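Colleague: Starting off with a structure, shown below.
Protein chains in written order, with this note's numbering: chain A, 34 to 267; chain B, 401 to 506; chain C, 131 to 625.
As structure tokens, this is what we get:
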């Protein structure tokens, strides 16, 4: 009886969503195809943005406020996960040292190389695809690899240092934006001649925070490890 | 059908498949995945509107919006996964049981 | 000035996380400071009219702008004022950490709560449809982290359900933003107003954005996630969710319908929202009458009261210019939002007092609380008076203005809705209070509750009533920048 009701409701939902898909397809195919959005505006102001890559210019300068709030959303995710697990920091995350020699060997060689690449990606964001996000993700991967290899010190870092790495992106961005307010400008209004330098520093801070956040979320979710026998099916 | 229309229709389909998944799937992990598919649809659509004819260079603003959107969707997914694991730990279920049933247990 | 409304709460949230031991002090100071800035800022709006602020120094269409008019000012004042009182209450509600280094609710509550206030302020100031998406996500993620704070199975499940509903809402909204941008290459509410047409992509965009926002506002039948999430959260969180968070997405719906798309929306769309509002009033109030637990009753009452907010849509949509009927509907609907925010936060805070005193929020357990918790009983009664809409409360002014608008518009079919909704509200308020004066059962001990908690709940209830006496000033402020004519008939509505 219950199964039958479920089938009926699935059929109904599918019908409604098919209808929605039809309406949406009709809408998107009738959009103008000659529109170029804000391409021209971005191009003509690119010189004053301090960077050469238009996407970075939008992310860090023209619409930097969005990116700043987005770093705040990342903080919220960490706080939310910690709250769900009723923890105030990352200590007590279980980890057993790895005995896998090839993994240890690989990690030893890869770690410095990946940190270098992260730095390169950060710098690259000024000219081409790259920037804080890509760089931060790579840093997080380094941390996760180290964790898999059993470097316990990662989750044992002092809470103060851990909090500092989490906050430096959001706080650094806001401080950089506020400093310009002291010079009579608006929040996040960088002067064209210093914008390039400021954006590089802001991106570096953001990359550290993004790396720390993703690694922290990964460790946070690992708090109580599931064994293979544990059933995670409904 | 132009390249833009192909991408846009694909994006709408992904969006709707994801929506269907969140509503219909019972297992919480499937719901989280469906939410990401739905988000993927929205992001693909933003990418597709950035370049609607082959002559122009792509509009950077939707690209920036997608980057912001991805980080936000990721944050929400992580929170959903943390909640899912904790729900599994406390109830043994991996579905959204009626909360009124949960209260009877204690 | 305007930027500090956003920077201050976010800075407070960061500090509350960095210096977790001082979270309570930081939290109270930050919310009080934000309220103070909000007051000064509202005075500026009052004197000089609407303000625009170019974040990052880039003007539209390249940059993100803040825009604040009377409506923004009122929402900022409500958030700051109620926020400060919730902070005061929370200091007593969440026990301090027993041992150093051990997790306590304070560690999670204060950073999330201050970011929630910051997100709401950013939302009320934003003039950019994509930036609104980001601020909505700040608000939602903070709200979900807070809703899960109780940590039991019911709260976790309710939070996850809330998260999925909110995600669908955000994605629908984002899709709408993308469609608008693809059509017009603009993201500013007012810049879009100059160019929008009613072609297929635009209608689709507005529909998707509206549905997404209604899901976050929990308008019937998209309210399914609200009662469990709002009733399982700790009392101060429930108060913030019901009183403030749902108003955020409602505010954006107003901006879209009556600013960007004003004059373009078909009569039937307004009628549809009015019909959903009607269903919400009847269904929410009916469910509230049936509840056995106080917090669930209050949560279903929120579902019903949200319905009233949507009665302004059919009336203003039917007007072609900002005439006096539209002004009545606008003032009435927003007065409802303000007085509901005050009354509902007060009720949830009172429910928290009851939980601390008797250990349960079953309505039956309220036997004899009139003698032990007179202030809380009085607070529940006063908040109830405002919800029902008895004079001279804020709720009365709201319903009176709404009635004038309905009669003025000739859409008489909404009259029985307002009347019947009032009766049902009176029903559940009575059911809520009926046990308070009955003699207490002998074996039911009362635990002492902090007078601060009782006092704050009472202060909000008093606020919900006395705003009826300041209706004229509030309505004048609400109309700044919206171009509605003055509402002339409001010399002394409270008396």
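C-beta: ideal position from N, C-alpha, C; glycine also. No experiment lies behind these values; they were computed from the predicted model shown.
So, at 8 Å on beta carbons, what are the nonlocal neighbours of residue 427 of chain B in its own chain, with the 5 sequence-adjacent residues on each side left out?
Modeller: 494 and 495
Colleague: Compare the Cα-Cα distances from residue 441 of chain C to each of C/458, C/249 and C/156 and report the closest residue.
Modeller: Looking at the Cα atoms, C/458 is the closest of the given residues.
Colleague: From which residue to which residue does the beta strand (DSSP E) around residue 198 of chain C run?
Modeller: Residue 198 of chain C -> beta strand (DSSP E) spans 194–198.
Colleague: Rounded to the nearest angstrom, what separates residue 571 of chain C and residue 497 of chain C at their Cα positions?
Modeller: 7 Å
Colleague: Among A/248, A/152, A/184 and A/222, whose alpha-carbon lies nearest the alpha-carbon of residue 195 of chain A?
Modeller: A/248
Colleague: Less than 9 Å separating the beta-carbons of residue 347 of chain C and residue 439 of chain C?
Modeller: yes
Colleague: Is there contact here, the segment 157–169 of chain A with the segment 64–72 of chain A, by at least three beta-carbon pairs under 8 Å?
Modeller: no
Colleague: Using a C-beta to C-beta distance shorter than 9 Å, which residues of chain F count as neighbours of residue 75 of chain A?
Modeller: Absence of chain F from the displayed structure is noted, the protein chains being A, B and C.
Colleague: For residue 91 of chain A versus residue 464 of chain B, is the C-beta distance shorter than 9 Å?
Modeller: yes
Colleague: Contact criterion: CB-CB distance below 9 Å. Does residue 431 of chain B meet it with respect to chain C?
Modeller: yes
Colleague: Assign residue 492 of chain C to one of three DSSP states: helix, strand, or coil.
Modeller: strand
Colleague: Extract the residue ranges of the alpha helix (DSSP H) inside the segment 312–376 of chain C, only unbroken runs of 4 or more that lie entirely within it.
Modeller: 319–325, 330–347, 356–362 and 365–370
Colleague: Identify the residues that DSSP records as bridge partners of residue 184 of chain C: which are they?
Modeller: C/195
Colleague: For a cutoff of 9 Å on Cβ pairs, would you count residue 523 of chain C as touching chain B?
Modeller: no
Colleague: Near residue 207 of chain C, which residues of its chain fall below 6 Å by C-beta distance, leaving aside the five closest residues on each side in sequence?
Modeller: 168 and 172
Colleague: Do residue 275 of chain C and residue 107 of chain A have their C-beta atoms within less than 9 Å of each other?
Modeller: no
Colleague: With a cut-off of 9 Å, does the C-beta of residue 199 of chain A fall near any C-beta of chain B?
Modeller: False, the Cβ-Cβ gap to chain B never drops below 9 Å.
Colleague: Determine whether the beta carbon atoms of residue 272 of chain C and residue 242 of chain C lie at a separation below 9 Å.
Modeller: yes
Colleague: In angstroms, rounded to a whole number, what distance separates the CA positions of residue 580 of chain C and residue 589 of chain C?
Modeller: Each residue's Cα considered, the two are about 15 Å apart.
Colleague: Using only alpha-carbon positions, find the residue among A/203, A/114, A/72 and A/105 that is nearest to residue 95 of chain A.
Modeller: Closest by alpha carbon: A/72.
Colleague: Comparing C-alpha positions only, which one of C/224, C/582 and C/558 sits nearest to residue 416 of chain C?
Modeller: Ranking the options by Cα distance to residue 416 of chain C, first place goes to C/558.
Colleague: So the candidates are C/560, C/463 and C/519; which of them puts its Cα closest to the Cα of residue 608 of chain C?
Modeller: C/463
Colleague: Using C-beta distances below 6 Å, list every residue in its chain close to residue 94 of chain C, excluding the 5 sequence neighbours before and after it, in chain order.
Modeller: Residue 94 of chain C lies beyond the residue range present for chain C, which begins at 131 and ends at 625; the question has no answer from this structure.
Colleague: Would you grab the beta carbon distance between residue 500 of chain C and residue 491 of chain C for me? Rounded to a whole angstrom, and I think it's under 8 Å.
Modeller: No, residue 500 of chain C and residue 491 of chain C are not in contact; Cβ-Cβ is about 17 Å, not under 8 Å.
Colleague: Quick one: using the 10 Å Cβ neighbour count with 16 as the cut-off for buried, is residue 459 of chain B buried or exposed?
Modeller: Around the C-beta of residue 459 of chain B, 16 or more other C-beta atoms lie within 10 Å, and the residue is accordingly described as buried.
Colleague: Against chain A, which members of the segment 144–165 of chain C pass a CB distance test of less than 8 Å?
Modeller: For the segment 144–165 of chain C, the set of positions with a beta-carbon nearer than 8 Å to some beta-carbon of chain A reads 144, 147, 148 and 150 in chain order.
Colleague: Using the beta-carbon count (16 or more within 10 Å), is residue 478 of chain C buried or exposed?
Modeller: buried
Colleague: Counting only beta-carbon atoms, is residue 438 of chain B nearer than 9 Å to chain C?
Modeller: Judged by the 9 Å Cβ criterion, residue 438 of chain B is in contact with chain C.
Colleague: For residue 318 of chain C, which residues in the same chain have their Cβ closer than 7 Å to its Cβ, ignoring the five residues on either side in sequence?
Modeller: 190, 191, 195, 257 and 258
Colleague: Could you tell me if residue 600 of chain C is buried or exposed, where buried requires 16 or more neighbouring beta carbons within 10 angstroms of its beta carbon?
Modeller: exposed
Colleague: Any residues in the segment 44–60 of chain A with a beta carbon nearer than 7 Å to a beta carbon of chain C? Which ones, in chain order?
Modeller: 56, 57, 59 and 60
Colleague: DSSP three-state call for residue 305 of chain C: helix, strand or coil?
Modeller: helix
Colleague: Going residue by residue through the segment 418–453 of chain B, where are the continuous alpha helix (DSSP H) segments of at least 4 residues, counting only ones entirely within it?
Modeller: Every alpha helix (DSSP H) of 4 residues or more that sits fully in the segment 418–453 of chain B is shown, in chain order, as 428–450.
Colleague: How big is the Cα-Cα spacing for residue 486 of chain C and residue 365 of chain C?
Modeller: 10 Å
Colleague: Suppose the cutoff is 6 Å on Cβ atoms and the five residues either side in sequence are ignored; what does the same chain contact list for residue 41 of chain A look like?
Modeller: Once the five neighbours on either side are set aside, residue 41 of chain A has no close Cβ partner at all.
Colleague: Short of 6 Å in beta carbon distance, which residues of its chain neighbour residue 163 of chain C, apart from the five on each side in sequence? Order them along the chain.
Modeller: 138
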